[in-house]
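Number of protein chains: 2
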Amino acid sequence: MSSREPGAEQAAGTLRERIISGGLRPGSRLSEEQLSDALGVSRNTLREAFRLLAHDRLVEHRFNRGVFVRELSDADVADVFAVRRIVQLAAVASATPGDPALRDARIACAAAREAAQREAWLEVGSANMRFHTALASTLHSERMENLIDSLMAELRLAFHAMDNELRQFHEPYIERNEALLELLEQGRRDEAAEALRIYLDDAERQLRRGFRR
Amino acid sequence: MSSREPGAEQAAGTLRERIISGGLRPGSRLSEEQLSDALGVSRNTLREAFRLLAHDRLVEHRFNRGVFVRELSDADVADVFAVRRIVQLAAVASATPGDPALRDARIACAAAREAAQREAWLEVGSANMRFHTALASTLHSERMENLIDSLMAELRLAFHAMDNELRQFHEPYIERNEALLELLEQGRRDEAAEALRIYLDDAERQLRRGFRR
DNA sequence: TAGGGCGGATTGTTCAACAATCAAAGGAGC
DNA sequence: GCTCCTTTGATTGTTGAACAATCCGCCCTA
Numbered sequence: 001m002s003s004r005e006p007g008a009e010q011a012a013g014t015l016r017e018r019i020i021s022g023g024l025r026p027g028s029r030l031s032e033e034q035l036s037d038a039l040g041v042s043r044n045t046l047r048e049a050f051r052l053l054a055h056d057r058l059v060e061h062r063f064n065r066g067v068f069v070r071e072l073s074d075a076d077v078a079d080v081f082a083v084r085r086i087v088q089l090a091a092v093a094s095a096t097p098g099d100p101a102l103r104d105a106r107i108a109c110a111a112a113r114e115a116a117q118r119e120a121w122l123e124v125g126s127a128n129m130r131f132h133t134a135l136a137s138t139l140h141s142e143r144m145e146n147l148i149d150s151l152m153a154e155l156r157l158a159f160h161a162m163d164n165e166l167r168q169f170h171e172p173y174i175e176r177n178e179a180l181l182e183l184l185e186q187g188r189r190d191e192a193a194e195a196l197r198i199y200l201d202d203a204e205r206q207l208r209r210g211f212r213r
Numbered sequence: 214m215s216s217r218e219p220g221a222e223q224a225a226g227t228l229r230e231r232i233i234s235g236g237l238r239p240g241s242r243l244s245e246e247q248l249s250d251a252l253g254v255s256r257n258t259l260r261e262a263f264r265l266l267a268h269d270r271l272v273e274h275r276f277n278r279g280v281f282v283r284e285l286s287d288a289d290v291a292d293v294f295a296v297r298r299i300v301q302l303a304a305v306a307s308a309t310p311g312d313p314a315l316r317d318a319r320i321a322c323a324a325a326r327e328a329a330q331r332e333a334w335l336e337v338g339s340a341n342m343r344f345h346t347a348l349a350s351t352l353h354s355e356r357m358e359n360l361i362d363s364l365m366a367e368l369r370l371a372f373h374a375m376d377n378e379l380r381q382f383h384e385p386y387i388e389r390n391e392a393l394l395e396l397l398e399q400g401r402r403d404e405a406a407e408a409l410r411i412y413l414d415d416a417e418r419q420l421r422r423g424f425r426r
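In order, the protein sequences belong to chains B and G.
Anchor point for the first sequence: position 135 equals 135 in this note's numbering, and the numbering is continuous, going up by one each time.
Anchor point for the second sequence: position 210 equals 423 in this note's numbering, and the numbering is continuous, going up by one each time.
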């Protein structure tokens, strides 16, 4: 599969990993010459990869200056959470107990627990986000899923600004996600909505406090 | 301004116009060789332009096959309206009478009336969409505005499938938009929400019936 | 120290070529 | 006549080199 992938997407994939894993930090410039060399692709192909990453908002293209790993501003985080409130609350309001998407959410919860045991906090974060993506898929809208995916990818950029506090940030949400899921599986939508609302408030506050510095 | 624009964006702009105006019909393939020649840019630059259009979902890129003007399926239209219901109803619920965004909406209404007098129905459609974009901007979220913008651009692809019925489709909504705006300016949110709900149901039904053929 | 211009480095764009891939045309076998 | 396979032509994917345009930091000047 991976050998059959177009070069541009493959390059974009490895860059995406490096950004998410923190190897490439927000604000750093991605030199075309350097990277095309390192990734073994031509400059033109690398540029195409950049466009794919820009589409995910992981990278920012400034004309005649190059592409930079995106740096989230306080306003960005606030905006992301504003969207999350609208979309995810709508999802919770429409989720029915039998929905197969809830099983995916359950799987994500298990993955988060497992990663927590290994103290792999970035993976815990990823699993928690898959949880929310799964919740959003109860809307059964392709575009809404894409939107949430994009928002989650964007939020990861803010994770790295929390440095040593990764554990404190991610760990508590494992249980809260499970509790939220429990409510949804029991069809207690109003309580789930309230739990989600509090969840989002807390996460936004922590993230904005954490990386404002 | 236009002479200072990067070549790729300029090319994307003229292609966007041709697609929206109907010169390039959904389903048709955009040949790299032909278009790079016609637009006076190299293949590489044209490819960059394609990426920009693909980002707006106006164009679809199939690997090793080329790029095609997007063709909306019935499911696509349904999905777009599912998103609109969530986002736009949230916008109406949070809109306050004094919001400057409502003035933009008023301007869009006027533009629609003016275009209707000239029987420029495609322009009426554009103005109606600007109306909804303006409404969505009461959410004061950059990402939400982008989302609605993108959905509206996408919907234009479906307009052309309505052929001769453009007038019947667009004209009635001029008044309905004005009525909706009136309710919002008076702070009667619940009534506005109900009006919008009916509006979206009607528009979806017409659009899906109109182009399924 | 402030301001202006010079030069190096990087991006933006073009061009020509080749490899990889697909879709349609044509032929072999039944 | 039909199906399946191969071939072929056209188109995209990718490369590398070249040049123009632009920006940034440096040095020079006042």
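Note that CB positions come from ideal geometry on N, CA and C, so glycine has one too.
Keep in mind that this is a model prediction, so the values were computed, not measured.
Distance between residue j and residue i (C-alpha atoms, nearest Å)
i: A221(G); j: P26(B); result: 26 angstroms
i: L198(G); j: A91(B); result: Lying outside 214 to 426, the shown extent of chain G, residue 198(G) is not represented and no answer is given.
i: Q168(B); j: A101(B); result: 28 angstroms
i: E137(B); j: A192(B); result: It should be noted that the sequence gives Ser, not Glu, for residue 137(B). Each residue's alpha carbon lies about 16 angstroms from the other.
i: A161(B); j: Q206(B); result: 11 angstroms
i: S94(B); j: L265(G); result: 34 angstroms
i: R103(B); j: E395(G); result: 45 angstroms
i: L360(G); j: H274(G); result: 20 angstroms
i: E119(B); j: R113(B); result: 10 angstroms
i: L271(G); j: P6(B); result: 22 angstroms
i: N390(G); j: F344(G); result: 8 angstroms
i: R278(G); j: E33(B); result: 29 angstroms
i: A225(G); j: D163(B); result: 41 angstroms
i: M1(B); j: A392(G); result: Because the pLDDT of M1(B) is 31, which lies under 50, any placement of that residue in the model is unreliable, and the number read from its coordinates should be weighed accordingly. When rounded, the distance between both Cα atoms is 55 angstroms.
i: S204(B); j: I86(B); result: Reading off the sequence shown, one finds Glu at residue 204(B), where the question assumed Ser. Roughly 14 angstroms separates the two Cα atoms.
i: I20(B); j: T14(B); result: 10 angstroms
i: S216(G); j: N44(B); result: For S216(G), the predicted model reports a pLDDT of 35, less than 50, meaning its position is unreliable; a value from the coordinates is still stated below. Computed Cα separation, rounded: 23 angstroms.
i: E358(G); j: E48(B); result: 26 angstroms
i: D99(B); j: G187(B); result: 11 angstroms
i: L135(B); j: D149(B); result: 11 angstroms
i: L139(B); j: Y386(G); result: 28 angstroms
i: F276(G); j: F63(B); result: 27 angstroms
i: Q10(B); j: L237(G); result: 32 angstroms
C-beta atoms of residue i and residue j nearer than 9 angstroms
i: V290(G); j: R410(G); result: no
i: V69(B); j: L39(B); result: no
i: G423(G); j: L335(G); result: no
i: A158(B); j: D56(B); result: no
i: P97(B); j: E185(B); result: yes
i: A82(B); j: S354(G); result: yes
i: R143(B); j: L364(G); result: yes
Residue i classed as buried or exposed, judged by whether at least 16 other C-beta atoms fall within 10 angstroms
i: E165(B); result: exposed
i: T133(B); result: buried
i: D190(B); result: exposed
i: S155(G); result: The requested residue 155(G) does not occur in the structure, where chain G is confined to residues 214 to 426.
i: A195(B); result: buried
i: F50(B); result: buried
i: A105(B); result: buried
Rounded Cβ spacing between residue i and residue j (contact assumed at less than 8 angstroms)
i: R249(G); j: S255(G); result: First, the residue type needs correcting, since residue 249(G) is Ser and not Arg in the sequence shown. Rounded, the Cβ-Cβ distance is 6 angstroms, consistent with contact.
i: A329(G); j: E384(G); result: 6 angstroms
i: V67(B); j: L155(B); result: The Cβ separation is near 20 angstroms, so there is no contact.
The ligand GDP heavy atom lying under 8 angstroms from the CB of residue i
i: L102(B); result: Only the bare structure without any ligand can be found here, which leaves the ligand GDP out of the picture.
Measuring CB atoms only, is the segment 108 to 118 of chain B touching the segment 199 to 207 of chain B, in the sense that at least three cross pairs come out at less than 8 angstroms?
no
Do the segment 120 to 127 of chain B and the segment 329 to 346 of chain G make contact, defined as three or more Cβ pairs closer than 8 angstroms?
The segment 120 to 127 of chain B makes no contact with the segment 329 to 346 of chain G, as fewer than three CB pairs between them are under 8 angstroms.
Stretch pair the segment 81 to 90 of chain B + the segment 293 to 307 of chain G: three plus CB contacts closer than 8 angstroms:
By the Cβ rule, the segment 81 to 90 of chain B counts as touching the segment 293 to 307 of chain G, because three or more pairs are nearer than 8 angstroms.
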